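Asker: Here the protein sequences line up with chains A and B, keeping their order.
Those letters in the first sequence? Residues 1 to 132, by this note's numbering.
Those letters in the second sequence? Residues 1 to 132, by this note's numbering.
Below is one structure. I have some questions about it.
Number of protein chains: 2
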Amino acid sequence: MSAPALTKNQALVFDVLEKADGPLSAYTILDKLRDHGFRAPLQVYRALEKLLEYGVVHRLESINSFVACAHPGENCHSHGIVAFAICESCGQVMEFHDHEVDHRLMDWTRGKKFKAEKTTIEIRGLCEACAA
Amino acid sequence: MSAPALTKNQALVFDVLEKADGPLSAYTILDKLRDHGFRAPLQVYRALEKLLEYGVVHRLESINSFVACAHPGENCHSHGIVAFAICESCGQVMEFHDHEVDHRLMDWTRGKKFKAEKTTIEIRGLCEACAA
DNA sequence: ATCGCACACGTTATAGCATAACGCAATTGA
DNA sequence: TCAATTGCGTTATGCTATAACGTGTGCGAT
């Protein structure tokens, strides 16, 4: 599932996300790409779908937004569960991984015979700078 | 922040959620309450806002739905972070708490001086029955 | 008492997020 | 060559959530 060469649209969307300093909504991405010929939401969503699949972009469920993976080049899917801390003031997102958390959640799912497909961990709050 | 007496609308919304055997979207709740005089989404969202505040209802960010707390009577806010396992086939939701996970996440936020306000943990997949 | 305030409520309108369904073009591999 | 796959563009639609305005009710302070 490592990323193949990106198509034009996928590259444009990824580029916008990578250059942004925070998560963007699909419609914000659309607006930023109108000059490049984007006209409809589906063009964005279709590109995002692939980028998510390739593991180079993450979706932040709690704010309906998307962010480029913090580990360019690596395959993020191999790092275990991805967790995010999202500053509700400045919008900055920190991405991290904690294997102990992974283990605890996996222990729970094993105990319940629950087949986990996709796990979301998102901490919303204030980053150090904004909490001051 | 324990729950005061619920207003009429809040009680109606809570009742629908409690009797449901899975999470419901705000609009599904609205449809179930049309016979009781509900006409507009805001009536549902305003009630939900209070019920979330009182800790008797949870919001599932990854599926834009709401579910009654699994601990009737208790104040769920005092149990630490709430985690959910959501079956994508039958819709059933299991709610659980893991203090070790809480600790690990709190350690991380402390290290980053991040002031956590609200943490989401949602595992989507297949429950034992549906995975068979 | 009545004024001001807080709160719940009702309504209309609108904003924001996401996908269905159709058709076309390019690529690939049997 | 033909069928299957994939990406793309467009239109339309559906789902989720909130803004803005006004009404009524209860309640404490003056």
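Ideal placement from N, C-alpha and C gives every residue a C-beta, glycine not left out.
In this text, all values refer to a predicted model and were calculated from it rather than measured experimentally.
Going by DSSP, which residues form a beta bridge with A85(B)?
Answerer: On the second sequence, position 85 is the one that residue 85(B) refers to. The partner list for A85(B) (beta bridge, DSSP) reads M94(B) and I123(B).
Asker: Taking D21(B) as the query, report the chain A residues whose CB atoms sit under 7 Å from its CB, ordered along the chain.
Answerer: For the purposes of this step, residue 21(B) is taken as the residue at position 21 of the second sequence. Chain A residues near D21(B): none, gap ~17 Å exceeds 7 Å.
Asker: How far does the beta strand (DSSP E) with F66(A) in it reach, from first residue to last?
Answerer: Counted from its first residue, the first sequence places residue 66(A) at position 66. Residues S65 to A68.
Asker: Any C-beta of chain A within less than 9 Å: which residues of the stretch 83–97 of chain B qualify?
Answerer: Cβ contacts with chain A: A83, A85, C87, E88, M94 and F96.
Asker: What three-state label does DSSP hand H71(B) in the structure shown?
Answerer: Here residue 71(B) refers to the residue found at position 71 when the second sequence is read from its first residue. H71(B): coil per DSSP, three-state reduction.
Asker: Out of C90(B), R104(B) and L51(B), state which residue places its alpha-carbon closest to the alpha-carbon of A130(B).
Answerer: Residue 130(B) sits at position 130 when you count from the first residue of the second sequence. According to the sequence as given, residue 130(B) is Cys; it is not Ala. The shortest C-alpha separation from C130(B) is found at C90(B).
Asker: Just mark D107(A) as buried or exposed, buried being the case when its beta carbon has 16 or more other beta carbons within 10 Å.
Answerer: Numbered from its first residue, the first sequence carries residue 107(A) at position 107. Flag for D107(A) reads exposed.
Asker: Does the beta-carbon distance from L17(A) to V67(A) come in below 8 Å?
Answerer: Walking along the first sequence from the start, residue 17(A) turns up at place 17. Walking along the first sequence from the start, residue 67(A) turns up at place 67. Taking 8 Å as the Cβ cut-off, L17(A) and V67(A) qualify as a contacting pair.
Asker: Buried or exposed: which applies to R48(B), given that a residue is buried once 16 or more other Cβ atoms fall within 10 Å of its Cβ?
Answerer: Numbered from 1 along the second sequence, position 48 holds the residue referred to as residue 48(B). Residue identity check: residue 48(B) is Leu in the sequence provided, not Arg. Buried.
Asker: For the candidate residues D21(B), H71(B) and A11(B), whose alpha-carbon lies nearest to that of Q92(B)?
Answerer: If you number the second sequence from 1, residue 92(B) lands on position 92. For the residues D21(B), H71(B) and A11(B), the minimum Cα distance to Q92(B) belongs to D21(B).
Asker: Report all residues from its chain with a CB closer than 7 Å to the CB of L6(A); omit the five preceding and five following residues, and keep chain order.
Answerer: Numbered from 1 along the first sequence, position 6 holds the residue referred to as residue 6(A). F14.
Asker: For L24(A), list the residues DSSP reports as bridge partners.
Answerer: The residue given as residue 24(A) occupies position 24 in the first sequence. Paired residue(s): F66(A).
Asker: Can you give me the C-alpha to C-alpha distance between I123(B) and L33(A), rounded to a whole angstrom?
Answerer: The residue labelled residue 123(B) in the question sits at position 123 within the second sequence. The residue labelled residue 33(A) in the question sits at position 33 within the first sequence. Distance between the alpha carbons of I123(B) and L33(A) is about 33 Å.
Asker: What residues of chain B sit near F114(A), judged by a beta carbon separation below 9 Å?
Answerer: Taking the first residue of the first sequence as position 1, residue 114(A) is located at position 114. Those within 9 Å of F114(A) in chain B are A85, C87, M94, I123, G125, L126, C127, E128 and A131.
Asker: With 8 Å as the threshold, decide whether the Cβ of V101(A) is near any Cβ in chain B.
Answerer: As a working note, residue 101(A) is residue 101 in the first sequence. Taking Cβ atoms only, chain B reaches closer than 8 Å to V101(A), which makes this a yes.
Asker: Of the residues F114(B), R104(B), K112(B) and C76(B), which one's Cα is nearest the Cα of F96(B)?
Answerer: Residue mapping note: residue 96(B) aligns to position 96 of the second sequence, counting from 1. Looking at the Cα atoms, C76(B) is the closest of the given residues.
Asker: K115(A) by DSSP, collapsed to three states: which one?
Answerer: Within the first sequence, the letter at position 115 stands for residue 115(A). It is a strand residue.
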